[in-house]
Each structure stands twice: as structure tokens, then as C-alpha cells.
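Please read the structure below before turning to the comments.
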Amino acid sequence: MKALRLYGARDLRLEEVERPERTKDEVLLEVKASGISMSDVKSVYETGAAGDNAPQILGHEFAGRIVEAEDVALVGRAAAAYPMLFCGRCMACLDGRPRDCGEMQLYGAGRAGGMAEFVAVKKQNLVFLPPDVSFRAAALTGAAAVALHAFRKTGVGPGSTLVVFGLGSIGLALASWAREADVRNIVLVARTMEKAAFARSLGFLQSVDIEGSDVYNYVMRLTGGRGADACIEGLGEGGALETALLSVKRGGRVVVMGRPEKSLEMTGLMYDLLLQKEVELHGAWKSSLNTRPAEWLDAMNAMRSHAVDAEALVTHTFPFEKYEEAFALLHDKQEMYCKVLFVNGEEAHG
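First residue of the sequence shown: 1, per full-length UniProt numbering; consecutive thereafter.
Given below as C-alpha cells:
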């Protein structure tokens with residue numbers, strides 16, 4: 001089978017390798033769509049494979065069709081794969097916080113991932129696709145679930161004002177969850193005019209770019225000087241966090257989910273805003289499969305009802321053979337993109 005294997009920084013190769021051999025508690029999934037995340041881009045261009053895992057088959061955002069399983073009733077079914085595997089024995093797992101598992105394994109970082117024609121997946125990690133959810137949409141289940149996890153931290157609902165900084169696939173999924181919850185004002189803050197225009201094309205009309213707009217005054221005018229009920233900082237930038245703390249109302253919430261690319265300094269102004277406005281500061285990390293709330297299942301149901309239109313977030317698709325072009329698109333940022341997928345076969349297109 002074809003597989004994208006990372007040998008080191010800037011050493012990604014498309015190779016012919018043997019199909020993986022599954023265990024009795026695994027299925028063999030024929031991959032139909034596999035997303036490229038920014039962590040994949042960082043691995044390819046900067047860090048190489050994690051630990052001693054080179055050559056590593058990348059990809060933790062994927063969906064496909066089951067072609068082998070101990071239970072023959074599963075063969076032919078379409079599924080997405082939850083990327084994390086937990087030990088079930090550590091304190092975090094026993095406390096019901098498996099996302100914090102100290103022995104966690106991840107498809108695409110340690111275990112062979114979904115940037116290949118086939119991948120072996122634990123049955124417990126499967127999330128089955130309803131008939132009307134495409135493989136391309138299903139590859140974004142993780143993005144929708146991570147967005148839902150962060151959105152629930154805000155506590156906002158009908159009549160509220162929410163500001164979201166960062167308009168990748170997760171940020172736009174966040175906007176979809178807010179719209180589904182009847183949030184009155186959904187202010188989306190993008191890095192560029194092009195990304196803000198893309199968000200407006202999806203119906204999120206209160207979308208601005210952080211460079212060309214005074215976000216704080218925009219929010220104050222919108223709310224009559226009260227401020228936003230909550231802000232979600234998804235850019236991982238100090239300037240965005242400062243603007244979030246300025247824009248949120250007194251006693252409001254700021255949810256931090258963006259990972260900074262370099263050290264992030266908390267300025268004196270930021271610290272004063274946090275103290276004097278008594279802002280609730282929350283972190284949001286990953287998403288859950290089966291532990292309550294089951295965010296992956298909720299995300300799949302939302303895609304089925306089109307509350308989250310995941311396929312609309314896919315701006316570019318590539319076959320595995322064009323992997324260099326695909327990764328360069330994300331790394332070089334020469335054109336606007338939202339979600340970029342590898343697709344395998346005609347079935348991935350709808």
C-alpha cells in the first residue's frame with residue numbers, strides 16, 4: 001500500500017509498504033479521507049517524528065471503510081477513528097480524565113496513522129458514519145469535537161455574545177456550535193481579510209480580521225459597552241489574548257485553546273484585566289469519545305443534521321502523490337485555505 005512516512009524534519013516520503021496486520025481487537029480501515037493538521041506540518045518541517053518512531057506514518061484525522069474485522073458484520077461499514085488510545089490504569093484514567101492519560105498513544109504519532117491507504121484501528125476507537133455523512137466531512141469529526149469541548153466551557157447560550165479568535169476548521173466549527181445554541185452575536189476574528197471573507201461566505205457575517213479592525217471597539221459598539229459574555233482564544237498569540245481580556249465583560253469567561261508557537265508573555269495589562277474584571281480563565285484541551293459528554297458522538301450527529309457543515313470547511317483536496325504540494329500549501333500560506341485533506345479514491349468525494 002502507499003503510505004506517507006516521516007523519517008525526519010523535511011524528510012517525508014511516499015512509499016510502498018506492507019498492509020498493517022491487525023489484532024483481534026482491531027479492524028483494517030481503507031482510508032478514504034485524511035486531514036493535515038498544523039501539528040503534522042510542524043512535524044514535517046521542524047521536529048520530525050516523535051521520539052524513536054521514525055519512519056512514522058502520519059495522520060490522526062481520518063475516516064474510511066472497514067475491509068477486515070473479526071466481526072464480519074463490521075466489514076463494509078464506514079467509520080472515523082478517534083485518535084487517542086488510553087491505558088485505563090493510570091490515575092487520570094481512573095479519575096475519568098482519560099484525555100490526561102500519562103501513557104496515551106496517538107494514531108499518527110507513535111502508532112501508524114491515516115496518511116496511508118490502510119490503517120489498523122482499535123474497535124473501541126471507531127465512530128460509525130451515518131449514511132448521509134461523507135468521508136470528507138467525517139475526517140473533521142475531531143475538529144468539530146474539539147470545538148464543542150471548548151464551546152461548552154464558555155457557558156454562553158441564547159442572547160449571548162461570543163468572540164472567537166482564530167478561524168481554522170476548529171474556529172469555524174466553534175461558530176457553528178454557537179449558531180446552533182442561538183448565540184445572538186458571534187464575532188469571528190481572523191488573521192487575514194481572506195479568512196474573514198471566507199467565514200462571511202458561510203453565513204458568519206460578524207467576521208473581521210485582527211490586523212484591519214479594532215476588535216475591542218467593535219465588540220463594545222455591538223454590546224452597548226458591556227463587553228462579550230465569553231471569548232475563545234484560538235490563535236495562541238499574546239495580542240489576541242490581551243484583546244480577549246479587554247473585550248470580555250466583567251465576570252465573563254475567556255477560554256484558551258490556541259497553542260503558541262513561541263513563548264507567550266502575560267503583560268501587566270493582561271494581568272490587571274484578569275484581576276480587576278474578575279475574568280474566569282479556562283483551558284480547553286482535546287475532546288472525549290465515550291466519557292460524558294461524548295463529544296465525538298455529538299459531533300457526528302451535528303454533521304448529520306448539518307448543524308456543523310464540516311464539508312463546507314474543506315477548501316483543498318489532494319491525492320497522496322501530491323503530498324509535497326499539500327504540505328507546502330499549509331506551511332507557506334501563499335493562498336487562503338481552511339481544511340486540507342488527502343483523499344483516496346472516488347468514494348471520498350461524496
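Cβ atoms here follow ideal geometry from the backbone N, Cα and C, with glycine treated the same way.
Check, Outcome
"May I ask you to report which of helix, strand or coil DSSP gives M303?", "helix"
"Quick check on G225: does DSSP put it in helix, strand or coil?", "coil"
"Nearest chain B C-beta to G159 closer than 8 Å, yes or no?", "Absent here is chain B; the protein component of the structure consists of one chain."
"Out of curiosity, what's the CA-to-CA distance linking R292 and C93?", "13 Å"
"Quick one: grab the DSSP three-state call for H282.", "strand"
"Per the DSSP calculation, H316 is bridged to which residue(s)?", "V340"
"Mind checking which residues open and close the beta strand (DSSP E) that includes residue 353?", "Look at the range of the chain in this structure, 1 to 350, and you will see that residue 353 is not part of it."
"Does the Cβ-Cβ distance between V44 and L6 come in under 8 Å?", "yes"
"Using a Cβ-Cβ cutoff of less than 8 Å, which residues in the same chain neighbour Q206 once the five nearest sequence positions on both sides are dropped?", "N185, I186, V187, L188, L222"
"Could you say if the segment 112-120 and the segment 40-60 meet the contact criterion of at least three C-beta pairs nearer than 8 Å?", "yes"
"Measuring straight from C-alpha to C-alpha, what distance separates V215 and L281?", "20 Å"
"Do you know offhand how far E194's Cα is from F327's?", "20 Å"
"Are there three or more Cβ pairs, one per stretch, closer than 8 Å when the segment 25-41 is compared with the segment 313-331?", "yes"
"What beta strand (DSSP E) runs, 3 residues minimum, are completely inside the segment 213-259?", "228-233, 248-256"
"Apart from the five residues on each side of it in sequence, which residues of its chain come closer than 7 Å, Cβ to Cβ, to K122?", "D25, E26, L85"
"Tell me whether the beta-carbon of A181 lies closer than 8 Å to the beta-carbon of V156.", "yes"
"Can you list, in chain order, the stretches of the alpha helix (DSSP H) that have 4 or more residues and sit fully within the segment 135-197?", "135-138, 141-154, 169-180"
"Any contact between the segment 227-242 and the segment 250-264? By contact I mean 3 or more CB pairs, one from each, below 8 Å.", "yes"
"Expressed to the nearest angstrom, what Euclidean distance is found between the alpha-carbon atoms of V248 and V279?", "8 Å"
"Can you list, in chain order, the residues of its chain whose CB lies under 7 Å from that of E70, leaving out five sequence neighbours each side?", "K24"
"Decide if the segment 99-107 is in contact with the segment 9-17; the criterion is three or more beta carbon pairs, one per stretch, under 8 Å apart.", "no"
"Taking A81 and F62 to be in contact with their CB atoms under 8 Å, please state how far apart those CB atoms are, rounded to whole angstroms.", "6 Å"
"Taking the alpha-carbon of H316 as reference, which of R304, V17, Y337 has the nearest alpha-carbon?", "Y337"
"Classify V75 as buried or exposed, calling it buried when 16 or more other Cβ atoms lie within 10 Å of its own Cβ.", "exposed"
"Measure the alpha-carbon distance for G96 versus V208 and round it to whole angstroms.", "39 Å"
"Just tell me which of A73, L162, S134, E30 has its CA closest to the CA of R304.", "S134"
"Hey, quick one: how far does the alpha helix (DSSP H) through E324 stretch, first residue to last?", "323-332"
"Tell me whether T47 is buried or exposed, calling it buried when 16 or more other Cβ atoms sit within 10 Å of its Cβ.", "exposed"
"Starting from the C-beta of K2, find all residues in its chain whose C-beta is less than 7 Å away, skip the five residues before and the five after it, and write them out in chain order.", "L14, E16, A116, E117, F320"
"Hey, quick one: how far does the beta strand (DSSP E) through residue 428 stretch, first residue to last?", "In the structure as shown, the chain begins at 1 and stops at 350. Residue 428 is therefore absent and cannot be evaluated."
"Quick one: grab the DSSP three-state call for A9.", "coil"
"Hey, could you find the ends of the beta strand (DSSP E) D100 is sitting in?", "No beta strand (DSSP E) holds D100; DSSP gives it neither H nor E."
"How many angstroms separate the CA atom of E261 from the CA atom of L162?", "25 Å"
"Can you give the Cα-Cα distance for W285 and G234, rounded to whole angstroms?", "11 Å"
"Between which two residues does the alpha helix (DSSP H) containing D52 stretch?", "Premise fails: D52 is in no alpha helix (DSSP H) and is neither H nor E."
"Enumerate in chain order the residues of its own chain whose CB-to-CB distance from V183 is below 6 Å, with the five nearest sequence positions on each side excluded.", "V156, S160, L162"
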